[in-house]
Structure formats: C-alpha cells, structure tokens
Amino acid sequence: MDADFLDRVEDLLEQGKTAELKEILERIPARHLARVLERLDRDDLIALFRLIDTDKAADVILELDDATLDVVLRELENERISKLVEELDSDDAADIVAEMSAEDRAAVIARLPADDRRDLRELLKFPPDTAGGRMAVEFLRVRTTDSVEQVVRRLRRRGPDPHYSSLLFVTDRKGHFEGALEIDKLLFHSPRAKIRDLAVPYPVKAFLLEDQESVARKAEKAEVPIVPVVDEQETLRGRITIEAIIAVIREETTEDIYRSGGVSTETSLFESPVRSAGRRLPWLLVNLGTAFVAASVIGLFQNTIRSLVAVTIFLPIVAGLGGNAGSQTVVMVIRSLALGEITSSDAWRLLRRQLLTCFLLGLCAGILVGVGALIFRLPIILAPLVFLALVINIIIGGIVGTLVPMILRRLKFDPSLASSIFLTATTDTLGFLVLLGLATLALQYFPA
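Position 439, counted from 1, in the sequence shown is what our numbering calls 441; the numbers after and before it change by one each time, with no gaps.
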C-alpha cells in the first residue's frame with residue numbers, strides 16, 4: 003500500500019474528517035483495506051475500523067493478519083463484533099469467535115439470533131484444525147425421495163442466498179449422505195423425476211475429526227470445489243468450500259515457513275517491536291545454545307589451531323555447506339511428508355538415495371574447495387583435509403535432513419518446527435569436529 007495514501011488516512015483521522023474517510027473506505031476493496039489497517043497503530047486502527055460499514059467490515063476482518071485481528075477483537079465492542087459475526091458464513095464466524103477470550107466469546111454469541119447461536123456452539127466443539135472446525139453448516143440438502151418439482155419449489159421459496167452454493171447434497175430419510183446434484187441439472191429433467199435417479203456419487207467426503215491437511219489433499223486430488231463433511235454414521239453435517247481449503251493450504255504453508263525459521267505464526271512485520279522480539283527470542287536462545295556447543299568443539303582443538311591456523315578459514319565453509327545440503331533435503335522430505343508422498347516405511351530407500359546424492363555433492367564441493375586451497379597457496383595438507391571433511395559433513399547433512407523430519411513425524415512432533423535446529427546443531431558441531439579431528443591426526447604424521 004502506498005505510503006502517501008497511509009499518510010493521508012492518518013492525517014484525516016487526526017483532523018476528524020470522518021465523512022471524507024468513509025467515502026474513501028467505500029472505494030477500497032476489502033483486501034486492500036485490511037493491508038491499510040495492518041500498518042496503522044492501535045488507536046488509528048480501531049478508529050478507522052469503526053468507520054467501515056458492517057457488511058464491508060465483515061469481509062475486512064477475514065483478511066486481517068493474526069496480530070491485527072487480535073487487536074480488533076480485544077478493542078472493539080462485543081456488540082459490534084456480534085453484528086459482524088452475523089454477516090459471516092458459520093465457518094468464518096466460528097474462526098473469528100474462537101480467537102476471543104471465553105468471556106467475550108460468550109457475550110458475542112449471546113447477542114446472535116437463536117439459529118446462529120446453535121450453529122456456532124456446535125462448530126466450536128470441534129478442534130479448529132479438523133474438518134468439523136473448518137466446515138460451514140449452510141448447505142442445500144435434498145432427499146432421494148424428493149421430486150424435481152418439490153426441490154425447485156423449495157429453492158424458489160428460499161431465494162438467492164450468498165451463503166449457499168449451487169451444489170445440492172443428497173441424503174436419505176435419515177440424513178445419510180448419498181451423493182450430489184448440480185442445481186442447473188434440474189432444468190433438464192421432468193418435474194416428476196426423483197432425485198435418487200439424478201444424483202451422482204460424490205468423489206470425496208471428510209469426517210468431522212479428520213485433519214484439515216488431509217481434507218485439503220483429498221479436495222486437491224479429486225478436483226472438487228466443495229467437500230461434504232459427515233459423522234461416523236455417514237450423516238451429513240456440513241461442507242467445506244474451496245475458499246476454506248485454499249485458506250488451509252495457505253495457513254499450513256505459512257506455518258511451515260515460519261516454524262522452519264523459528265518464528266511464531268502470530269508474528270507480523272508490523273506489530274510492536276517488543277511483542278515481536280518476545281515471540282522470536284525463545285528460538286534464538288535455542289540456537290544460541292547449539293552455537294555454544296559447536297564453539298566448545300573448537301575449544302577442544304586449540305593446539306591444532308595454533309599449529310595450523312589456516313584451518314580456521316575452512317570451518318564455516320565445511321559447516322555451512324553441510325547445513326545447506328541438509329536444508330535442501332529437509333525441505334524436500336517435509337514437503338513429501340505433508341503431501342503424503344512418503345511415509346516412515348520409505349526411510350531406508352530415501353536414505354540410500356540421499357547418501358549417494360550427498361556423496362556426489364560432497365565430491366564436487368570438496369574438489370573445488372581443495373583446489374582453491376592450493377591456488378591460494380595455503381598449506382598443502384589442507385587440500386585433502388578439507389576435501390574429506392566436506393564429503394563427510396555433506397553426507398551427515400543428508401542423513402540428518404532425511405531422518406530427523408521422519409522421526410519427528412513418527413513421534414507426533416511437527417517436522418518443520420525442530421528439523422532445522424537439529425540440522426544446524428549437527429552439521430556445525432560434527433563439521434567442526436571432523437575437520438579439526440582430521441587436522442589433528444594429520445599433524446601427528448605431517449607436522450606443519
């Protein structure tokens with residue numbers, strides 16, 4: 003968003019020109035307006051949000067990042083939040099109120115119409131990362147025994163509604179999911195035709211407690227815009243839209259990227275420096291601890307370093323290349339695990355392939371660095387030492403990058419959260435140990 007525009011908004015807020023601001027807000031798309039709000043301080047953010055009409059504010063609140071949404075939900079009146087929630091689909095409404103404190107959540111829900119209260123309380127029973135937590139309860143249901151004429155009559159009475167899709171879900175008399183039917187197909191059949199003769203099996207469905215990543219993979223594989231959600235008895239309970247599926251994929255991708263860097267998913271570039279530092283400090287302290295371990299290895303070889311000072315030039319090269327090779331492997335393994343392309347049973351097959359790949363990478367890197375040592379007229383003993391150390395540490399990086407994500411997944415931990423920490427600690431520590439250990443052995447036979 004243009005800095006001049008932000009300055010103008012802030013100036014208008016300061017001058018209290020609400021009429022002009024409202025006129026500007028009407029012209030800005032919800033997504034762009036959310037980006038504006040994310041760049042304002044707390045007081046200006048709330049002041050501007052209060053000027054947005056309810057319909058548009060409901061769209062804007064869905065576009066806000068976590069840090070800004072947290073501010074809005076804490077500072078805005080419960081009555082206003084309740085009006086916004088009433089405008090949303092049930093799945094979006096549940097996501098919003100789930101972010102509130104228990105007391106405020108109860109106050110917001112209490113102000114909703116009875117049907118909305120019932121739906122929200124039902125959705126909030128499910129964990130947010132499951133199909134039940136992601137589903138919306140607004141869907142068009144018809145029975146197998148209905149006729150086309152009956153269905154068309156009901157649709158006309160209902161009228162157009164943005165909360166509903168153009169897909170009819172078909173159930174039996176007990177509500178068990180049987181299939182689906184596009185609304186426009188009703189136009190091409192006799193009014194007396196039965197829905198059971200027109201409905202087609204649907205290629206995918208999700209269960210209430212099924213993980214959202216699994217649902218997203220199913221939808222992607224089946225190439226469907228909506229996923230019906232059923233309970234253990236196959237009773238239709240809701241549906242998940244393509245928008246929700248895309249949101250899941252975006253959230254999971256963002257979460258993996260943030261966690262691989264040791265950053266909380268709630269961190270924003272525009273939140274206060276103190277809060278941002280507080281979220282990021284724990285992982286920096288963990289990395290500091292692993293750095294001390296690696297540094298202590300160097301301390302064990304002080305005599306070697308005094309005898310062959312030039313070896314220190316290659317310590318960051320050996321550690322860095324081993325870490326980079328391992329990081330490449332980690333990214334590929336985590337992606338394949340997330341997409342269900344591999345399981346723990348593939349570990350040995352993958353390990354063999356990565357050992358060969360990393361051996362070849364180590365050979366190439368080792369030869370280049372070894373030749374570089376000779377070109378710059380460093381002690382000739384360094385060329386074979388650095389060559390061997392690079393080959394060994396890149397192989398170590400490949401092993402750790404392959405096995406650690408799979409072991410963490412097997413232990414029910416998130417591989418993206420801790421893999422990079424284990425990898426860095428291992429390749430730094432063992433890289434230093436291998437190079438300095440080889441140098442120590444070499445100096446016993448070939449004194450510098």
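Each residue gets a CB set at the ideal place from its N, CA and C atoms; glycine is no exception.
Small disclaimer: the values here were computed from a predicted structure and weren't measured.
For Gln235 and Arg355, the rounded distance between their alpha carbons: Each residue's Cα considered, the two are about 44 angstroms apart.
Compute the Euclidean distance between the alpha carbons of Leu387 and Ala444, then round it to the nearest angstrom. When rounded, the distance between both Cα atoms is 8 angstroms.
Residues that DSSP places opposite Asp213 in a beta bridge: The partner list for Asp213 (beta bridge, DSSP) reads Thr132.
Given a cut-off of 9 angstroms on the beta-carbon distance, is the pair Leu35 and Leu64 in contact? A distance of 9 angstroms or more separates the beta carbons of Leu35 and Leu64.
Beta strand (DSSP E) segment containing Gly181, residue limits: Taken as a continuous stretch (DSSP letters only), the beta strand (DSSP E) holding Gly181 covers 179-184.
Quick one: grab the DSSP three-state call for Lys176. Coil.
Using a Cβ-Cβ cut-off of 8 angstroms (strictly less than) and excluding sequence neighbours within five positions of Asp13, which residues of its own chain qualify? Same-chain partners within the cutoff: there are none.
For Asn326 and Ala391, what's the separation of their Cα atoms in angstroms? Going from the Cα of Asn326 to the Cα of Ala391 covers about 15 angstroms.
For Val313 and Leu380, what's the separation of their Cα atoms in angstroms? Straight-line measurement puts the Cα of Leu380 at about 9 angstroms from the Cα of Val313.
Given a cut-off of 9 angstroms on the beta-carbon distance, is the pair Leu27 and Leu47 in contact? At a Cβ-Cβ threshold of 9 angstroms, Leu27 and Leu47 do not count as neighbours.
Suppose you measure from the CA of Ala2 to the CA of Phe7; what does that come to, to the nearest Å? Nothing can be reported for residue 2: it is not among the residues displayed for the chain, which extend from 3 to 450.
Just verifying my parser: in three-state terms, what is the DSSP assignment at Ile228? It is a strand residue.
Give the straight-line distance between the Cα atoms of Glu88 and Ala60, rounded to the nearest whole angstrom. Rounded to whole angstroms, Glu88 to Ala60 spans 9 angstroms at the Cα level.
Can you grab the Cα-Cα spacing for the pair Ala375 / Leu384, in whole Å? For Ala375 and Leu384, the distance between alpha carbons rounds to 7 angstroms.
Suppose only complete runs of 4+ residues qualify. What are the alpha helix (DSSP H) ranges in the region 303-381, listed by chain order? Listed in chain order, they are 304-309, 317-340, 349-377.
Got a sec? Which residues, its chain only, sit under 6 angstroms from Gly372 by beta carbon, not counting five neighbours each side? Residues Ala385, Val388, Phe389 of the same chain have their beta carbon placed closer than 6 angstroms to that of Gly372, with the five preceding and five following residues left out of the count.
Under DSSP, the alpha helix (DSSP H) around Ile83 begins and ends at which residues? In the DSSP assignment, Ile83 falls within the unbroken alpha helix (DSSP H) covering 80-89.
Pick from Leu353, Ala138, Asp416, Ile397 that is closest to Gly368, judged by C-alpha positions: Among Leu353, Ala138, Asp416, Ile397, the Cα nearest to that of Gly368 is on Ile397.
Whole-angstrom Cβ separation of Thr331 and Gly433, contact assumed at under 8 angstroms? At roughly 16 angstroms, the Cβ-Cβ gap does not stay under 8 angstroms, so Thr331 and Gly433 are not in contact.
With DSSP collapsed to three states, give me the class of Leu42. Leu42: coil per DSSP, three-state reduction.
Note down the Cα distance separating Lys207 from Leu323, rounded to an integer number of angstroms. Those two C-alpha atoms are separated by around 45 angstroms.
How long is the line joining the alpha carbons of Leu42 and Val11, rounded to whole angstroms? Computed Cα separation, rounded: 9 angstroms.
With C-beta atoms as the reference, is Ile336 less than 9 angstroms away from Ser216? For Ile336 and Ser216, no; Cβs fall outside 9 angstroms.
Rounded straight-line distance, which links the Cα of Val250 to that of Leu114: Counting only the Cα atoms, Val250 lies some 27 angstroms from Leu114.
Is Glu180 buried or exposed, if buried means 16 or more other CB atoms sit within 10 Å of its CB? Under the 10 Å beta carbon count, Glu180 is surrounded by 16 or more other beta carbons and is classified as buried.
Under the DSSP definition of a beta bridge, which residues are partnered with Thr243? Ile228, per the DSSP bridge assignment.
Looking at Ile185: is its Cβ nearer than 9 angstroms to the Cβ of Leu170? Result yes, Cβ atoms of Ile185 and Leu170 sit closer than 9 angstroms.
I need the straight-line Cα distance from Ala69 to Leu358, nearest angstrom please. C-alpha separation (whole angstroms): 45 angstroms.
Should Asn305 go down as buried or exposed, given a rule of 16 or more other Cβ atoms within 10 Å for buried? Result: exposed.
For the structure I just gave you, are there three or more beta carbon pairs, one from the region 104-118 and one from the region 142-156, closer than 8 angstroms? Inter-segment contact for the region 104-118 and the region 142-156 is absent: fewer than three beta-carbon pairs are separated by less than 8 angstroms.
Since Val231 and Gly134 are thought to touch, with beta carbons under 8 angstroms apart, how far apart are those beta carbons, to the nearest angstrom? With a Cβ gap of about 7 angstroms, Val231 and Gly134 count as contacting.
If you draw a straight line from the alpha carbon of Tyr447 to that of Leu363, how long is it in whole angstroms? Spanning the alpha carbons of Tyr447 and Leu363 requires a straight line of approximately 29 angstroms.
Return the chain-ordered list of same chain residues with a C-beta closer than 7 angstroms to the C-beta of Ala95, the five sequence neighbours on each side being excluded. Contacts found: Val87, Leu122.
Cβ atoms of Gly399 and Thr429: under 9 angstroms apart, would you say? Cβ distance < 9 angstroms, so Thr429 and Gly399 count as in contact.
Tell whether a beta-carbon distance below 9 angstroms holds between Val73 and Arg44. Yes; because the gap between Cβ atoms is below 9 angstroms, this pair is in contact.
Proximal residues to Thr20 (C-beta, below 7 angstroms), its chain only, five neighbours per side dropped: Apart from the 5 residues on each side of it in sequence, Thr20 sits with its Cβ closer than 7 angstroms to the Cβ of Leu53 in its chain, given in chain order.
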